[in-house]
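Encoded as structure tokens, the structure appears first; notes follow it.
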Amino acid sequence: MLADSLEEKALEYMDVPKLGRTHLQDAVPITVGQELNAWASAIRRDVDRGHKAIELLSVVNMGGTAVGTSINADPVYVESVVDELRKCSGIDGMTGASNLVDATQNVDVLVEVSGFMKATATTLTKIANDLRLMASGPMVGLAEVRLPAIAAGSSIMPGKVNPVIPELVNQVCFRVFGNDLTISLAASAGQFELNVMQPVIAYSLFESIGMITNAMKSLAEKVVKGMKFNRQLLERYAGNALTLVTALVPFIGQDAASEVSKRAMEEGRDIIS
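Per our numbering, numbering through the sequence shown is continuous, rising by one, with the last residue being 1250.
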């Protein structure tokens, strides 16, 4: 949903120029559409990782009993349980582990899945931070985009519109980062034939999955679909950037282009004039 929303918004603003920034400094222009499509591509990679996570979680250690040796476990009964799990979960590829001793004592797969959640949280944090910066102002900030007023006004400043959903997304992601560390530590704390720390692993993993899912939905529905970019301001920022001189390098050389940029800055002029 989030990737779709970003791509739809990218089409709406595909040709609107936007000043690129590196090191938080002016860089060469791109378009709003290019920026949003880059976010969408990152989200789609996260979705692909989610599909990989389903595959990893489809292998269960049913029938390993105490230490994975299957003592007192009827193979026919075990297979029937796996069949039932397959039906209940809707995961056709669900299967029993080939090495039940390994599957009973090692939970590295859960660490890997948590890593997928952390990667998604990293993507969402970057997007949320960029939105907060672009929406800063609106009078003396960047003011490149206006976000929907989900919670208009503050406790002391009437009319102020805070980017509450991007801030919420940031905090969700911080929690996911913490859960990933918890899962890693718990996975490493298992001894011998059984990791007894699996309850906190399961709790943290389910929480991360749920929070990330809701955060992506909120960002799509409450921010991306309703946000509006300031075309006039974006065009002015992009047109006045001294970095436009970069396009002259193939014609006049690096040194001359640097001199043009330096003089333009000293004289308070844009590159064209």
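No residue lacks a Cβ here, since even glycine has one placed at the ideal position from N, Cα and C.
From a predicted model like this one, the values you see are computed outputs, not experimental measurements.
> Under the rule that 16 or more other beta-carbon atoms within 10 Å means buried, what is Gly1041, buried or exposed?
Replying inline: buried
> Three or more beta-carbon pairs under 8 Å between the segment 1145 to 1157 and the segment 1093 to 1102, yes or no?
Replying inline: yes
> What first and last residue would you give for the alpha helix (DSSP H) that runs through Asp1025?
Replying inline: 1009 to 1034
>> For a minimum of 4 consecutive residues, which ranges assigned as the alpha helix (DSSP H) are wholly contained in the segment 1085 to 1162?
In response: 1085 to 1111
>> Using only the alpha-carbon positions, how far apart do Glu1012 and Ala1126 sit?
In response: 22 Å
> If you pair each beta-carbon of the segment 1066 to 1079 with each one of the segment 1103 to 1110, do three or more pairs fall below 8 Å?
Replying inline: no
>> I'd like to know if the segment 994 to 1011 and the segment 1039 to 1056 are in contact, where contact means that at least 3 CB-CB pairs between them fall below 8 Å.
In response: no
> Got a sec? Which residues, its chain only, sit under 7 Å from Val1037 by beta carbon, not counting five neighbours each side?
Replying inline: Val1059, Leu1062, Met1071, Gly1073, Ala1074
>> What does the Cβ neighbour count give for Gly1045, buried or exposed, with the cut at 16 atoms within 10 Å?
In response: buried
> With distances taken from CA atoms, which of Ser1181, Leu1001, Val1122, Leu1171 is nearest Ile1160?
Replying inline: Ser1181
>> Check for me: the alpha helix (DSSP H) holding Arg1208 runs from which residue to which?
In response: 1208 to 1217
> Contact between the segment 1014 to 1025 and the segment 1137 to 1145: three or more CB pairs below 8 Å?
Replying inline: no
>> For Thr1099, tell me which candidate among Ala1019, Ala1004, Asp1247, Val1226 has the shortest Cα-Cα distance.
In response: Ala1019
> Assuming Asp1247 contacts Asn1217 under a Cβ cut-off of 8 Å, what Cβ separation, rounded to an integer in Å, is found between them?
Replying inline: 5 Å
>> Between which residues of its own chain and Glu1184 is the CB-CB distance below 7 Å, once the five residues before and five after are set aside?
In response: Asn1156
>> Our contact map puts Val1024 next to Ala987 with C-beta atoms below 8 Å; I'd like the distance itself, whole angstroms only.
In response: The pair is not a contact, with the Cβ atoms about 17 Å apart (cut-off 8 Å).
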